[in-house]
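Chemist:
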Amino acid sequence: MDTEALERLDSFPYRHRVGELMTAPIVAIDRDRPVAEAARLMSARRISSVLVLDSDDRLHGILTERDVLRLVADRPDRLADRVSAAMTAPVHAIEADAPIYRALARMARLEVRHLPVVDDDNRPIGMLTSGALLKQRASLALTLGDEIAVAPGGRDLRAIHDRLPALVRALRSEDVSATQASSVVAGIVRDLTARAGELALAEMKAAGRGEPPGPWCLLVLGSAGRGESLLAPDQDNALIHEGGPGDDAWFAAFAEHVNRLLDEAGVPYCPGGVMAKSPAYHRSLAGWQAQVDTWIARPQPEALLGADIFYDFAAVLGTRRLAGALRQHATQAAGTSPAFLRLLAAAGEEIPRATDLLGRLRTREGRIDLKRHGLFPIVTGARVVALAWGSTATATDTRLADAAAKGAFSQDAARSLAEARGVLVEAILEQQLVDIAAGRTPDNRIDPKRLGRRATSRLREALAAAVETSDLVHVALSSRPIVSAP
Numbered sequence: 000m001d002t003e004a005l006e007r008l009d010s011f012p013y014r015h016r017v018g019e020l021m022t023a024p025i026v027a028i029d030r031d032r033p034v035a036e037a038a039r040l041m042s043a044r045r046i047s048s049v050l051v052l053d054s055d056d057r058l059h060g061i062l063t064e065r066d067v068l069r070l071v072a073d074r075p076d077r078l079a080d081r082v083s084a085a086m087t088a089p090v091h092a093i094e095a096d097a098p099i100y101r102a103l104a105r106m107a108r109l110e111v112r113h114l115p116v117v118d119d120d121n122r123p124i125g126m127l128t129s130g131a132l133l134k135q136r137a138s139l140a141l142t143l144g145d146e147i148a149v150a151p152g153g154r155d156l157r158a159i160h161d162r163l164p165a166l167v168r169a170l171r172s173e174d175v176s177a178t179q180a181s182s183v184v185a186g187i188v189r190d191l192t193a194r195a196g197e198l199a200l201a202e203m204k205a206a207g208r209g210e211p212p213g214p215w216c217l218l219v220l221g222s223a224g225r226g227e228s229l230l231a232p233d234q235d236n237a238l239i240h241e242g243g244p245g246d247d248a249w250f251a252a253f254a255e256h257v258n259r260l261l262d263e264a265g266v267p268y269c270p271g272g273v274m275a276k277s278p279a280y281h282r283s284l285a286g287w288q289a290q291v292d293t294w295i296a297r298p299q300p301e302a303l304l305g306a307d308i309f310y311d312f313a314a315v316l317g318t319r320r321l322a323g324a325l326r327q328h329a330t331q332a333a334g335t336s337p338a339f340l341r342l343l344a345a346a347g348e349e350i351p352r353a354t355d356l357l358g359r360l361r362t363r364e365g366r367i368d369l370k371r372h373g374l375f376p377i378v379t380g381a382r383v384v385a386l387a388w389g390s391t392a393t394a395t396d397t398r399l400a401d402a403a404a405k406g407a408f409s410q411d412a413a414r415s416l417a418e419a420r421g422v423l424v425e426a427i428l429e430q431q432l433v434d435i436a437a438g439r440t441p442d443n444r445i446d447p448k449r450l451g452r453r454a455t456s457r458l459r460e461a462l463a464a465a466v467e468t469s470d471l472v473h474v475a476l477s478s479r480p481i482v483s484a485p
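At position 376 of the sequence shown (counting the first as 1) the number is 375 in numbering that gives the first Met the number 0, and the numbers step up by one without a gap.
And the structure:
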């Protein structure tokens, strides 16, 4: 992915997600049926593949037109063979919220034309085909290579990470919105974390530590979990496993490798210790559920410092059903505790105003922290309202839309906050690109003197909307349906 190529970037694969182009519902066949029946099914449905599921309706195999042709070319009478004899297994799959560029790169690397789309429980919900992609976009100037998936070490991942500013610049030059560009950055941080997990597994084996002693799932938390990363990320991650008490040492060592590799890749250690290697962030599923129950039963401000970004988690590697089970438990538990929700909401209410009485932006050393004064109250408010109203969404804009659809507040209020977030993200991202080009370490502070009159006016309006978030949250909490503990 060279910089010159990025200048000619076709932004389509970065704008859209797999769920937008997949076909659904899936078409499946029993593994013991004859191949001839599968061929007739594909012909009747005008599709080029059928899926094979296991007894739990999880993805087990795939049979494509090419598989049938190869079988017949070998010997025509083999159409009577069972599907299980001709199918491909195991199957590579992708998630519905993955960006199209990742699907394109994966299909190119694996030389496949079909990617089943799965949920967190590895149950297929749709199919993405090369034909569907071609119908949407006949030619692509560039897709992000699947370099992360084959990077042999942390330094190689760092070389990819260091290209992120060039990628964001190219996306912005193609009129990709700042929020969409931040979603791309978050996707790459997720990919880097997943690859660090794969490399960590290899290092554990090389050190004689063997295979994982039980199912596990690596999570990203915070902005990367929400799909809202900017160009100054640090590590926020965690680990769930189903090992016993004696297995914790293996998972702790594995997490140490993951976090070191990410640091080498340019995603630095979290100053607050929100990383899988910290004892508080690698637990069994039962341990995580017990931690959630403790937060709910005895909510204390100091104990909830990590609970906020915990609720933004996204699974990136391992057994995704663990993440699904934890999300269900955590979301249901939060909805039963008004005290817990009020404490989470309070964090977004203690932010000082970003403007003085005359409406002028308050700066420190010539800059204003837009994450603290703007993004934080909006993100926090959206999280609390989503939990209060039973939404399992993690992206801020989706949380706002879900809450409005359920009646927490008006659609106009949700749109206003989403637009305000977009203005804030754009201002931060543009400043980060300027700072990086000047050799300065990027952060979340911007220099308002860079902004023109119109941009300054929009920023003031966005900051004012952020201040009003707490009022909307109070309304949403007071009007929410009463939820009893399960």
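Each residue gets a CB set at the ideal place from its N, CA and C atoms; glycine is no exception. Computed from a predicted model, the values in this text were never measured in an experiment.
Of all the options 331, 308, 372, 184, which has the alpha carbon lying nearest to the alpha carbon of residue 343?
Modeler: 308 is the residue among 331, 308, 372, 184 whose C-alpha sits nearest the C-alpha of residue 343.
Chemist: Do residue 311 and residue 224 have their C-beta atoms closer together than 9 Å?
Modeler: Taking 9 Å as the cut-off, the beta carbon of residue 311 is found closer than this to the beta carbon of residue 224.
Chemist: Within a Cβ cutoff of 6 Å, which residues of the same chain sit near residue 379, ignoring the five residues on either side of it in sequence?
Modeler: Sequence-distant Cβ neighbours of residue 379 in its own chain, meaning closer than 6 Å and more than five residues away, are 346, 347.
Chemist: Does the Cβ of residue 210 have 16 or more other Cβ atoms within 10 Å, making it buried, or fewer, making it exposed?
Modeler: Burial call: exposed.
Chemist: Whole-angstrom Cβ separation of residue 389 and residue 330, contact assumed at under 8 Å?
Modeler: 7 Å
Chemist: Starting from the N-terminal side, write out each stretch of the alpha helix (DSSP H) that is 4 residues or longer and does not extend beyond the stretch 366 to 432.
Modeler: 375 to 387, 395 to 405
Chemist: Return helix, strand or coil for residue 61, following the three-state DSSP convention.
Modeler: Judged by DSSP in its simplified three-state form, residue 61 adopts strand.
Chemist: Tell me the DSSP secondary structure of residue 258 in three-state form.
Modeler: DSSP places residue 258 in helix when its eight states are reduced to three.
Chemist: Do the stretch 416 to 423 and the stretch 349 to 357 touch if we need at least three Cβ pairs shorter than 8 Å?
Modeler: no
Chemist: Return helix, strand or coil for residue 113, following the three-state DSSP convention.
Modeler: Strand.
Chemist: Are three or more beta carbon pairs between the stretch 192 to 201 and the stretch 285 to 303 nearer than 8 Å?
Modeler: no
Chemist: In the DSSP assignment, what residue or residues form a beta bridge with residue 313?
Modeler: 219
Chemist: Taking only three categories from DSSP, how would you classify residue 81?
Modeler: strand
Chemist: Nearest to residue 121 by CA position, among 184, 387, 87, 59, is which residue?
Modeler: 59
Chemist: Is there contact between the stretch 145 to 154 and the stretch 171 to 181, where contact requires at least three CB pairs shorter than 8 Å?
Modeler: Flag = no, the stretch 145 to 154 and the stretch 171 to 181 do not touch.
Chemist: For residue 355, which residues of its own chain have a beta-carbon under 7 Å away from its beta-carbon, when the five flanking residues on both sides are left out?
Modeler: 361
Chemist: Would DSSP call residue 291 helix, strand or coil?
Modeler: Correct three-state label for residue 291: helix.
Chemist: Put residue 239 into one of helix, strand or coil per three-state DSSP.
Modeler: Residue 239: strand per DSSP, three-state reduction.
Chemist: In terms of alpha-carbon separation, which member of 253, 208, 317, 204 lies closest to residue 190?
Modeler: 317
Chemist: In the DSSP assignment, the beta strand (DSSP E) including residue 281 goes from what residue to what residue?
Modeler: 281 to 283
Chemist: Roughly how many angstroms lie between the CA atoms of residue 255 and residue 397, to the nearest whole one?
Modeler: 33 Å
Chemist: With distances taken from CA atoms, which of 275, 235, 270 is nearest residue 251?
Modeler: 275
Chemist: What is the rounded straight-line gap between the Cα of residue 51 and the Cα of residue 246?
Modeler: 34 Å
Chemist: Three-state secondary structure (DSSP) at residue 194?
Modeler: helix
Chemist: Closest to residue 64 by CA distance: which of 55, 39, 321 is it?
Modeler: Residue 39 is the option with its Cα nearest to residue 64.
Chemist: Per the DSSP calculation, residue 33 is bridged to which residue(s)?
Modeler: 81
Chemist: List the whole-angstrom C-beta distance separating residue 315 from residue 219, where the pair is believed to meet the contact cut-off of C-beta under 8 Å.
Modeler: Their Cβ separation, rounded to whole angstroms, is 6 Å, which keeps residue 315 and residue 219 in contact under 8 Å.
Chemist: Applying the 10 Å Cβ sphere with the 16-neighbour rule, what's the burial state of residue 178?
Modeler: Label assigned to residue 178: buried.
Chemist: According to DSSP, which residues form a beta bridge with residue 125?
Modeler: 116
Chemist: Quick check: the stretch 390 to 410 against the stretch 469 to 477, are at least 3 beta-carbon pairs closer than 8 Å?
Modeler: The stretch 469 to 477 makes contact with the stretch 390 to 410, as at least three CB pairs between them are under 8 Å.
Chemist: Let me make sure I understand the geometry here. Which of 100, 66, 19 has the alpha-carbon closest to that of residue 84?
Modeler: 66
Chemist: So what does residue 48 bridge to, in DSSP terms?
Modeler: 63
Chemist: Could you check the C-alpha separation between residue 81 and residue 107 for me, to the nearest Å?
Modeler: Spanning the two alpha carbons is a distance of roughly 29 Å.
Chemist: At what residues does the alpha helix (DSSP H) containing residue 459 begin and finish?
Modeler: 452 to 477
Chemist: Beta carbon of residue 184, beta carbon of residue 114: below 9 Å?
Modeler: no
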